[in-house]
Amino acid sequence: MGEISKQLHVKLKAMASNVLLPQSSKGRKPSPQTPDIEKMIADAMDPVHTAYNFVHHITSVFVENVSQLPEMRAFTKEVGKAEDEYLPEGPPMSPLTRSYFTSWAFFDHRIGKTTDTLASCLIDANDIIWMNPDQLHALKKMTESRMGIYEHKGMEDNHVRLRELVTDRESVCHVASGYRGKAGELWYVRLLPPLVPKFATYHVAFTTPYVLLGSTKKDWIDFLRRNMVGIKASSEAEALHWLLKFGPRMNYWNEFVLLAYHHQANAIYLSGIPDLKSTLPHA
436 MGEISKQLHV
446 KLKAMASNVL
456 LPQSSKGRKP
466 SPQTPDIEKM
476 IADAMDPVHT
486 AYNFVHHITS
496 VFVENVSQLP
506 EMRAFTKEVG
516 KAEDEYLPEG
526 PPMSPLTRSY
536 FTSWAFFDHR
546 IGKTTDTLAS
556 CLIDANDIIW
566 MNPDQLHALK
576 KMTESRMGIY
586 EHKGMEDNHV
596 RLRELVTDRE
606 SVCHVASGYR
616 GKAGELWYVR
626 LLPPLVPKFA
636 TYHVAFTTPY
646 VLLGSTKKDW
656 IDFLRRNMVG
666 IKASSEAEAL
676 HWLLKFGPRM
686 NYWNEFVLLA
696 YHHQANAIYL
706 SGIPDLKSTL
716 PHA
């Protein structure tokens with residue numbers, strides 16, 4: 436538990452002692468704004484995506500309730516400034532989609548000078564918040580996730596097969612946005628792993644895929660490897676994770692999406708390499 440998480444936990448525990456709260460997740464009644472999971476699945480939304488979407492909603496509600504607390508001042512200031520700068524509403528207003536930006540803000544953004552994220556604060560506060568074990572499990576998977584750069588390797592039934600650059604890990608994915616693409620494309624996207632592998636073994640592409648144009652697979656592998664140099668990690672995979680999740684600085688990847696925006700049709704297209712400014716259309 437990091438410093439901000441500790442401070443927030445103390446505050447929430449004190450606040451909870453002053454009101455009558457359920458002593459487990461079973462005692463909580465859903466609010467009128469809570470997504471109806473059964474209806475979402477009945478409306479043909481993928482069940483695994485539905486579960487992750489529900490936990491994303493829980494996290495959003497948590498943000499709304501703690502963002503005004505003094506313990507979260509740094510989070511509110513940093514994420515608010517990024518929101519004002521990048522206008523994350525998706526094309527045509529901005530190439531940053533809401534799902535991309537909130538996933539960064541909740542799961543990747545480290546608050547102030549700490550290693551705490553908004554999601555890690557929520558996990559640490561679960562003895563007060565009372566998510567059920569399945570919700571907590573899904574939130575931990577989302578917290579561990581990151582954006583990645585993948586090569587499209589073709590279709591497998593209704594799913595897309597993606598292979599990550601550098602690690603060569605392959606994943607069969609449900610793409611929540613509906614975009615299927617074609618073999619050979621390079622995607623910048625956030626994958627979430629299976630929740631109950633014995634029932635569903637596929638990943639979920641949680642964000643709208645950003646299709647990378649104008650640069651080859653080798654260009655991107657070269658970029659990743661030269662920017663992994665100097666990252667203290669026990670393995671190449673860990674260094675890659677650190678680079679893609681946190682970047683060299685706070686808004687590194689947000690800035691790339693903004694500067695690399697090329698155009699939008701049935702996907703969002705980006706052009707250029709982050710550390711080669713001359714290749715970025717809007718640098």
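Position one of the sequence shown corresponds to residue 436 (the working numbering), numbered consecutively onward. Positions of the beta carbon are idealized from the N, C-alpha and C atoms, including for glycine.
In DSSP terms, what residue i is bridged to
| i | result |
| --- | --- |
| V639 | H609, L627 |
| E586 | R598, L621 |
| Y696 | L705 |
| E524 | The partner list for E524 (beta bridge, DSSP) is empty, contrary to what the question assumes. |
| L711 | I708 |
| E591 | H594 |
Limits of the unbroken alpha helix (DSSP H) element including residue i
| i | result |
| --- | --- |
| H444 | 438 to 451 |
| S555 | 553 to 559 |
| I703 | I703 -> not in any alpha helix (DSSP H); beta strand (DSSP E) instead, spanning 703 to 706. |
| T485 | 482 to 501 |
| H544 | It is not in any alpha helix (DSSP H) - H544 carries neither H nor E in the DSSP assignment. |
| T677 | According to the sequence provided, residue 677 is Trp. The question's Thr does not apply to it. Counting along the chain, the alpha helix (DSSP H) containing W677 begins and ends at 671 to 681. |
| E579 | 568 to 579 |
8 Å CB neighbourhood of residue i in its chain, flanking five on each side removed
| i | result |
| --- | --- |
| H698 | Y704 |
| A700 | none |
| V664 | none |
Residue nearest to residue i in terms of C-alpha spacing, selected from the options
| i | options | result |
| --- | --- | --- |
| R533 | L659, R684, Q570, T642 | T642 |
| Y585 | T651, F634, S529 | T651 |
| K653 | V490, E599, V483 | E599 |
| T386 | H594, K516, L675, F541 | With the chain covering only 436 through 718, there is no way to say anything about residue 386. |
| E620 | L648, C608, V639, P628 | L648 |
| S555 | F542, N689, G682 | F542 |
| W539 | S529, K548, T552 | T552 |
| V483 | A517, S669, C608 | C608 |
| T549 | K667, E499, V692, E506 | E506 |
| V445 | T511, S713, V501, K474 | V501 |
Cβ shell of residue i (< 6 Å), same chain only, five flanking positions each side left out
| i | result |
| --- | --- |
| H717 | L694 |
| F658 | I708 |
Short CB-CB distance (under 8 Å) between residue i and chain D
| i | result |
| --- | --- |
| Y645 | Looking for chain D here will not work: only one protein chain is present. |
Residue i, enclosing beta strand (DSSP E) - first and last residue
| i | result |
| --- | --- |
| Y645 | 645 to 648 |
Other residues of its chain near residue i: CB distance less than 7 Å, five sequence neighbours each side excluded
| i | result |
| --- | --- |
| H587 | V595, L597, G616, K617, A618, G619, E620, W622 |
Are there three or more Cβ pairs, one per stretch, closer than 8 Å when the region 437 to 450 is compared with the region 553 to 562? With the cut-off at 8 Å, the region 437 to 450 and the region 553 to 562 touch.
How about the region 608 to 616 and the region 574 to 584: do they share at least three Cβ pairs that are nearer than 8 Å? Inter-segment contact for the region 608 to 616 and the region 574 to 584 is absent: fewer than three beta-carbon pairs are separated by less than 8 Å.
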